[in-house]
Amino acid sequence: MAEQIQTNDRNDEWTTIIKPRTGWFDIDLQELWRYRDLITMFVKRNFTVLYKQTILGPLWIILNPLITTVLFNVVFGGIAGLSTDGTPSFLFYMAGNTLWTFFASCINNTANTFVANSQVFGKVYFPRLSTPISQVLTSLINFFIQFVMFVLFWIYFWVTGAGIHLTLWVIALPFVVLEVMLLGLGVGIIVSALTTKYRDLAIAVGFGVQLWMYISPVVYPLSSLDESPRLRALMTLNPMTSPVEVFRMATLGTGTVLVGNLVYSVVVTLIALVAGIILFSRIEKTFMDTV
13 MAEQIQTNDR
23 NDEWTTIIKP
33 RTGWFDIDLQ
43 ELWRYRDLIT
53 MFVKRNFTVL
63 YKQTILGPLW
73 IILNPLITTV
83 LFNVVFGGIA
93 GLSTDGTPSF
103 LFYMAGNTLW
113 TFFASCINNT
123 ANTFVANSQV
133 FGKVYFPRLS
143 TPISQVLTSL
153 INFFIQFVMF
163 VLFWIYFWVT
173 GAGIHLTLWV
183 IALPFVVLEV
193 MLLGLGVGII
203 VSALTTKYRD
213 LAIAVGFGVQ
223 LWMYISPVVY
233 PLSSLDESPR
243 LRALMTLNPM
253 TSPVEVFRMA
263 TLGTGTVLVG
273 NLVYSVVVTL
283 IALVAGIILF
293 SRIEKTFMDT
303 V
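Straight run, no breaks: the sequence shown in our numbering ends on number 303.
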């Protein structure tokens with residue numbers, strides 16, 4: 013990709029100097045900000061493409077997590093009888109599923125960035141990172157809609173005396189949502205960069221995300237592993253463990269939150285994001301030769 017630098021001499025005659033970008037971290041944040049209108053347009057396009065020619069349209073944003081929560085409640089809460097730390101099972105699974113759906117959509121929607129947009133990338137120049145950013149922003153909007161649904165159910169269970177309550181961790185919710193979004197973006201753009209050469213990853217990413225969910229405390233609490241110290245220690249290595257537990261602690265009053273584990277999760281998120289951006293910036297220079 014070429015970088016354009018405009019200069020003017022004493023006669024106010026503008027020239028354009030084009031030179032290659034060779035650095036490892038060639039991400040111009042100011043340029044991304046200048047293209048914010050394009051990012052907004054991409055977000056609108058994402059909604060249009062996703063719900064075009066569907067009967068229920070955007071209602072699927074609510075129906076998908078709702079149906080999944082009902083299934084979790086029947087299978088894991090009713091049949092398997094997994095612990096929910098004394099909270100209503102329906103609300104327990106909805107809390108975990110709301111946050112996980114957001115994380116999974118960030119990865120799945122950004123994992124195919126290069127392959128899905130190869131024709132556009134080959135014809136028009138714009139900051140390539142604007143495409144995955146628009147995808148995670150679309151997922152963020154969906155999350156807010158699903159979170160409103162969660163709040164409505166929370167109010168119902170609270171009014172009926174289900175024993176749930178908010179804690180001071182509710183202050184950390186915006187930071188938790190931001191961390192989950194950045195982790196999903198980092199992992200997603202790493203996968204998208206690798207899929208330019210290894211198309212199998214595009215197929216495997218969906219299975220991988222599903223598997224990741226079952227090694228995260230989405231359908232069970234972290235406290236259920238207290239009798240298995242080694243398994244619990246391995247679970248804390250999962251960067252999504254702390255965000256899910258914080259989300260439940262903030263909204264339901266139950267969960268296992270350790271500051272050290274939360275710091276570890278943030279560090280892994282930053283490493284994944286930086287590594288993803290570096291890999292993305294390197295691949296975008298030559299991806300047209302491999303896609």
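Just so you know, even glycine gets a beta-carbon here, dropped at the ideal spot from N, CA and C.
Note that the structure is a prediction, hence the values are computed from the model and not measured.
Buried or exposed by the 16-neighbour rule on C-beta atoms within 10 Å, applied to residue i
{"i": "G108", "result": "buried"}
{"i": "P186", "result": "exposed"}
{"i": "Y232", "result": "buried"}
{"i": "R211", "result": "exposed"}
{"i": "A262", "result": "buried"}
{"i": "G198", "result": "buried"}
{"i": "T172", "result": "exposed"}
{"i": "I176", "result": "buried"}
{"i": "V87", "result": "exposed"}
{"i": "S293", "result": "buried"}
{"i": "I73", "result": "buried"}
{"i": "A205", "result": "buried"}
{"i": "V148", "result": "buried"}
{"i": "F9", "result": "No answer is possible for residue 9: the residues shown for the chain start at 13 and end at 303."}
8 Å Cβ cutoff met for residue i and residue j
{"i": "W112", "j": "S277", "result": "no"}
{"i": "L44", "j": "P139", "result": "yes"}
{"i": "V203", "j": "F115", "result": "no"}
{"i": "K201", "j": "I283", "result": "The identity of residue 201 in the sequence shown is Ile, whereas the question assumes Lys. No, Cβ-Cβ distance for I201 and I283 is not below 8 Å."}
{"i": "V286", "j": "V256", "result": "no"}
Proximity winner among the options, relative to residue i (alpha-carbon distances)
{"i": "S95", "options": "T248, P251, D238, L270", "result": "D238"}
{"i": "N58", "options": "L291, A245, N129, V82", "result": "N129"}
{"i": "P251", "options": "T172, T266, G196", "result": "G196"}
{"i": "F162", "options": "K56, L274, I215, L75", "result": "L75"}
{"i": "S84", "options": "Y226, L180, N154", "result": "Residue 84 is actually Phe in this sequence, not Ser. Checking every option, the nearest Cα to that of F84 belongs to Y226."}
{"i": "N273", "options": "L249, R260, Q222", "result": "L249"}
{"i": "T80", "options": "R294, P241, Q222", "result": "Q222"}
{"i": "L164", "options": "G90, F88, T179, L78", "result": "L78"}
{"i": "D97", "options": "R48, R260, V87", "result": "R260"}
{"i": "Y47", "options": "L141, L178, G89", "result": "L141"}
{"i": "V127", "options": "I215, T266, L178, G220", "result": "I215"}
{"i": "V266", "options": "T179, G93, K135, I167", "result": "Reading the sequence as shown, one finds Thr at residue 266 and not Val. Comparing Cα positions, the closest option is T179."}
Alpha carbon of residue i to alpha carbon of residue j, nearest angstrom
{"i": "L270", "j": "S254", "result": "8 Å"}
{"i": "K209", "j": "L50", "result": "27 Å"}
{"i": "M106", "j": "L213", "result": "29 Å"}
{"i": "T122", "j": "S146", "result": "9 Å"}
{"i": "I183", "j": "A245", "result": "27 Å"}
{"i": "Q131", "j": "L152", "result": "26 Å"}
{"i": "F169", "j": "S101", "result": "11 Å"}
{"i": "A174", "j": "C118", "result": "32 Å"}
{"i": "W181", "j": "W224", "result": "25 Å"}
{"i": "I295", "j": "N154", "result": "29 Å"}
{"i": "Y137", "j": "V82", "result": "45 Å"}
{"i": "L71", "j": "F156", "result": "14 Å"}
{"i": "V279", "j": "P241", "result": "23 Å"}
{"i": "G90", "j": "V275", "result": "35 Å"}
{"i": "W166", "j": "K135", "result": "49 Å"}
{"i": "G93", "j": "L243", "result": "20 Å"}
{"i": "Q42", "j": "F219", "result": "36 Å"}
Supposed contact pair residue j and residue i - C-beta distance, whole angstroms, cut 8 Å
{"i": "T110", "j": "Q158", "result": "5 Å"}
{"i": "V258", "j": "V160", "result": "Going by Cβ atoms, the distance from V258 to V160 rounds to 20 Å, so no, they are not a contact pair."}
{"i": "T52", "j": "L194", "result": "The pair is not a contact, with the Cβ atoms about 20 Å apart (cut-off 8 Å)."}
{"i": "S235", "j": "T268", "result": "5 Å"}
{"i": "N120", "j": "V217", "result": "7 Å"}
{"i": "L264", "j": "L103", "result": "7 Å"}
{"i": "V55", "j": "T150", "result": "5 Å"}
Heavy atom of the ligand SAM within 7 Å of residue i beta-carbon
{"i": "Q131", "result": "Inclusion of the ligand SAM in the displayed structure is not the case, the ligand content being empty and no account of it being possible."}
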